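Chemist:
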Amino acid sequence: MAIGEVGMDFHWASKEETYNKQAENFREIIRFALKLKKPIVIHSRKAEEECVQILGEEIRNKEIPVVNHCFSGGKDIIRQAAALGHYFSIPPNIVKASNFQTLVKLVDLKQLLTETDSPWLSPVKGEKNEPAFVVKSIEKIAEIKGLTVSEVAEQIWQNYERVFGRD
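The numbering of the sequence shown is my numbering, which starts it at 134 and goes up by one.
1) Spatial neighbours of F234 within its chain, please: C-beta separation below 8 Å, excluding the five flanking residues on both sides.
2) Taking DSSP's pairing of strands, which residues face Y220 in a bridge?
3) Taking T151 as part of the alpha helix (DSSP H), name the residues at either end of that continuous run.
4) Three or more beta-carbon pairs under 8 Å between the region 240–256 and the region 264–271, yes or no?
5) Is K171 near A214, with beta carbons less than 9 Å apart?
6) Go to V296, then tell me how far its alpha helix (DSSP H) extends in each direction, as first and last residue.
7) Does DSSP put L239 in a helix, in a strand, or in coil?
8) Rank P225, N292 and K229 by C-alpha distance to the C-alpha of L245 and give the top, closest one.
9) Out of A230, I223, S231 and T249, point me to the one whose CA is closest to K243's CA.
10) In angstroms, rounded to a whole number, what distance separates the CA positions of H122 and M141?
11) Check whether the Cβ atoms of E182 and I210 sit closer than 9 Å, and answer yes or no.
12) Do you know how far the Cα of F204 is from the Cα of F143?
13) Decide if T281 is buried, meaning its Cβ has at least 16 other Cβ atoms within 10 Å, or exposed.
14) Give the range of the beta strand (DSSP E) segment to which V139 is assigned.
15) What number of angstroms, rounded off, separates the C-alpha of V296 from the C-alpha of F221?
16) Quick check on I187: does DSSP put it in helix, strand or coil?
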């Protein structure tokens, strides 16, 4: 079990008008996740820098795992979040999205997860995304990291077990 998808979003609501309220709500949810000792899955659309900053202030000692869902931050923000021990979930459109390819190059495999984000972020133009396409993410990560598909799949499985535990 985890808390999420939570965070901040400046795509639908302007930063100038909503930052204070979104930040306040986000901090409360982070504190709730800390109290429950549950992983937290982050949504940070057009608010990557702000989310990483707040997470760094609220979660100081890696008390709970942080998973950045569909993270679109720049290289500096990726490095900051990775240094804080965050995980990053990679969708199947990595096969054509250079921002996810760059993220995979910058982040240790032990901090990567996969996701579907169905029906969005398909690796195939014009097709809806589906869970079966996660294998495309694993294949592309393996290509970028210079590893076998089996090595990447096994490590990502271990990452999931570390973040979410075994049920």
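No residue lacks a Cβ here, since even glycine has one placed at the ideal position from N, Cα and C. These figures come from a predicted structure and were not determined experimentally.
Modeler: Inspection of the coordinates gives the following:
1) According to the sequence provided, residue 234 is Gln. The question's Phe does not apply to it. I227, K273 and I277, listed in sequence order.
2) V200
3) K148 to L169
4) yes
5) no
6) V282 to F297
7) helix
8) N292
9) I223
10) The structure shown does not extend to residue 122, since the chain is modelled only from 134 to 300, so the question has no answer here.
11) yes
12) 14 Å
13) exposed
14) I136 to G140
15) 11 Å
16) helix
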